[in-house]
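Chains as they are written, first to last, in the working numbering: chain A, 1 to 122; chain B, 1 to 604. The C-beta atom is built at its ideal place from N, Cα and C for all residues, glycine as well.
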Amino acid sequence: MSLLRFLTLILKNEKAIVEAHKLGLIDQDDTKHPDEAVVRKKAAKIFHMYLLNVMHVKDEDDISPASIMKDLYDCRVCVNHIAQVYLKGIMKAHEYPGGLILFDSDVEITEAEVKEALDNLN
Amino acid sequence: MKLSERPMEITDKTFRFDAFKDGSVVPGKKCGRLPAMGWNSWNAFGSGNTEVLTKAMAEKMVELGLDKLGYKYVVLDDGCYKSERVNGLLSNEEEKFPSGFKALADFLHSKGLKFGMYNDIGSNLCAGAAVGTCGHEAEDAETYINWDIDFIKVDNCYYLWDNATFSNAENAKYTYAPAIKGIRVEGAGIIVSLDAANEGTLFGNGACICEEDGKSFVKGIGTFDGTGPDNTPVGILSSELRFTITADDECDADLYVEYATGKEPEVGCWLEVATGEGDNAKFFYDDLLPETESKTSFTESAPIKIHLAKGENILRLMNHRRQENTLCSYAELVKGFEEAFKKRPDKKEIILSICEWGKTQPQNWGYKVGDSWRILNDITFQVGADGNPGRGNWAGDYTTGVTNQYNKAVIMDEFAGLEKGWNDPDMMMIGMDGLDETMCRSHMAMWCMINSPLMLGLDLRRVEKGDWIYNIISNKNLIALNQDPLGVQAKRIYSTFETENPDTVYLRDNKRVDVLAKPLDDGSIALGFFNLDLEDNNEKITVDKNHILKFLRGKMKDADAFENAKAYTVTDMWNEESFVNETGIFEISGINACDNTVWRIKPQ
């Protein structure tokens, strides 16, 4: 799913990219790449910033329960984004046979996952 | 510039594992520097730092007089560049830093401060911008010199020659040797076949003998990943498979290795073959081996030409490339700076803060190129933003927490020093949510005792002269310990948890009190008691001068004067109260949860 499509689903706004930048959901450089595929870590960041900047929801203090996802600390700059959206039930982890639980940061987010996250957000 | 397709060929022995203990450094590495002090944007603002915020921090540093206390460097962390190069060069993110970095440098210099920036030895920065120094070292160094920077923190994300953060996981092929089942050596008068599991010797730590599909072989030939907290930093953290080959006469021979490759931790593709050690090491192979069908489908290599001396030869099959590649990459940047300095004779030095998070055991090699080296992954992942102080822990999950970092750093004193550089347990979290005043006092005292760089990581607009945060970060007595010209990191000389080898045993159970001792330039020592526990400790804890001397004698300015003193003036580093001790026995009776006592003990 492209960044533009992703943000349009969230903001329900034709000028979603500009709006998202104004709201602090994305960086200036993101505005130049509206067609870029959104991976799950990017989605987590945008949802987290939406929680903070639009919904004014406070962060969870203790993110250690999110370490159930074995790849939580693989993404050093997005650990908190992932942990917050996971702990608040916005985005789910992926479960694999043998009990392995991963966030799968670099996997592209699906339309179904976005819709589920939006349901959880609202 | 096209990125290289393979790790650098190593022609200079300085970059070899065998030279890690020889004390040699690359041209441009300056010795004798004390730990850097300043402010770094990451813990305070994450990727959201801006020119406006940076200037506000600089002005506050001066207003609070922190600059006069030694806090000089203002360091922009990740999130300040455009996401891609412009005409091959780095440039500023225009919305956050509209005036550009040279203008910001001029501003900071006009305030008497120094300017630090951030980059990465990989292709991208950790936050994603595709502006890493890999393959661009020369032009980036020139750019930085033109921007008048004084300090650079260099990360390790998207690194091409290891399976580092955000790197291709299959890069493990460069940093682990293949699984090895055996070898065959054929030369004049020699034909020998040796089985790895039964006739090889495992040197160091990490390699193991395995059995799969009815085959015995050796795997795990490489270097421990030190990013996480699980392994001790002390001891040999890599491994080799060695064979003893006896030759009747000096001769050339062909070595055949029965191997299987993988692209994952423990089984890779890159093999180094050498005989001898240290200065006498001779390398015969240092490259990828052709890939096999699977990591258990063994095949025999093409002949590798080796040379054997008369008598016993130690044949080493190994892969130290995790450390060597990373060292080479940092060295390439230092070389770039050296070249750039030639065009700017007025610019003489840049502090290099190595930030590969302890992954490649930089305590072994960091001194050759850098001024400090991070020892673990980040101290917090809950960084702040404008209006949000972020959050830290006393004892958190993984590497997050004051004590998580301290527990590793406190046994790393032998790796640090004026002629080397400093262990870096990350930026400080004083002033972030999650740590109370007592924890922050101990955080500051620990970082000062262990000679860590002192990088403040809070929004300084939250600090006023005389408040509790100010009183901690401006404690002149503790800063003097950190900046003591003798430049010796404190040694743990006692712990209530471990009495045999407190200086080297990696303790992670925080139900304990540690005692640290640090020799100082005036013949004094600093003695620190730290309660790591979340509960008060009511024990009487005693160390006498003989115990201190047992650990510090060789490092002290005048050990005899300390030993033979008739009395000692003991000064508390927090309240500055002094008392005279005539016994040479130093004792506390109880210590509150997470609290500390630090004394400066001067022999009379």
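How long is the line joining the alpha carbons of B/Leu8 and B/Ser123, rounded to whole angstroms? Here residue 8 of chain B turns out to be Met, not Leu, going by the sequence shown. Taking the straight line from one Cα to the other gives about 15 Å.
Give the residues of chain B in contact with A/Tyr73, contact being defined as C-beta atoms less than 7 Å apart. Asn377 and Tyr398
Given that a residue counts as buried once 16 or more other Cβ atoms are within 10 Å of its Cβ, and exposed if not, what is B/Lys219? buried
Kindly list, in the order they appear in chain B, the residues whose Cβ is closer than 9 Å to that of A/Ile68. Correct list: empty, because the minimum Cβ distance to chain B is about 11 Å.
Taking the DSSP output, what are the residues bridged to A/Ile17? None; A/Ile17 has no bridge partner.
Check B/Asn546 in the structure and name its three-state DSSP category. helix
Taking 8 Å as the CB-CB limit, is A/Arg40 close to chain B? no
Take the Cβ of B/Lys82 as the centre, count every other Cβ of all protein chains shown within 10 Å, and call the residue buried at 16 or more, exposed below. buried
6 Å CB neighbourhood of B/Gly276 in its chain, flanking five on each side removed: Lys282
Can you name the residues of chain B whose CB is closer than 9 Å to the CB of A/Asp61? Gln382, Arg391, Asp433 and Gly434
Who are the neighbours of A/Ser2 on chain B, taking C-beta pairs under 7 Å? Here the premise fails: no neighbours, minimum Cβ distance about 17 Å.
State buried or exposed for B/Tyr118, treating a residue as buried only when at least 16 other CB atoms are found within 10 Å of its CB. buried
Given B/Arg85 as reference, the closest of B/Phe107, B/Lys68, B/Thr143 and B/Lys111 once Cα atoms are compared: B/Thr143
A/Leu51 - DSSP class collapsed to helix/strand/coil: helix
Could you tell me which chain B residues have their CB closer than 8 Å to the CB of A/Asn80, listed as they occur along the chain? Phe381, Gln382 and Val383
Bridge partner(s) assigned by DSSP for B/Glu264: B/Val267
Pairwise C-alpha distance: B/Tyr470 and B/Ile354: 28 Å
Of the residues that make up the region 17–33 of chain A, which ones have a beta carbon closer than 7 Å to any beta carbon in chain B? Gln28 and Asp29
From the DSSP secondary-structure annotation, give me the bridge partner or partners of B/Met37. B/Leu454
Quick one: grab the DSSP three-state call for B/Gly366. helix
Run down chain B in chain order and give the residues with a C-beta less than 8 Å from the C-beta of A/Val107. Chain B residues near A/Val107: none, gap ~14 Å exceeds 8 Å.
Given a threshold of 16 other Cβ atoms within 10 Å of its Cβ, counted over all protein chains shown, does B/Asn501 qualify as buried or as exposed? exposed
Can you give me the Cβ contacts of A/Glu116 inside the same chain, cut-off strictly under 8 Å, excluding the 5 residues immediately before and after it? Lys92
Host alpha helix (DSSP H) of B/Thr133 (start-end): Segment: none, B/Thr133 is in no alpha helix (DSSP H) and carries neither H nor E.
Looking at the secondary structure, which residues open and close the alpha helix (DSSP H) in which B/Lys55 lies? Glu51 to Glu63
In angstroms, rounded to a whole number, what distance separates the CA positions of B/Val267 and B/Tyr256? 18 Å
Helix, strand or coil for A/Val85? Go by DSSP, reduced to three states. helix
Same chain only: Cβ atoms within 6 Å of B/Lys2, ignoring 5 sequence neighbours per side: No answer about B/Lys2 holds up, because its pLDDT of 49 lies below 50 and its placement is not dependable.
By the 10 Å Cβ neighbour count, where 16 or more other Cβ atoms means buried, how is B/Asn171 classified, buried or exposed? buried
The alpha helix (DSSP H) spanning B/Val402 covers which residue range? Val402 to Ala409
Coil, strand or helix - A/Leu102 by DSSP: strand
Check each candidate in A/Asn120, A/Tyr96 and A/Val38 and name the one with the smallest Cα separation from A/Asp106. A/Val38
For A/Glu111 and B/Leu76, what's the separation of their Cα atoms in angstroms? 37 Å
Excluding the 5 residues preceding and the 5 following B/Ser524 in the sequence, name in chain order all residues of the same chain whose CB lies nearer than 7 Å to its CB. Arg600, Ile601 and Lys602
Say whether chain B places a C-beta atom closer than 8 Å to the C-beta of A/Val85. no
Let me check one thing: in DSSP terms, what residues is B/Trp373 bridge-paired to? B/Ile354 and B/Asn423
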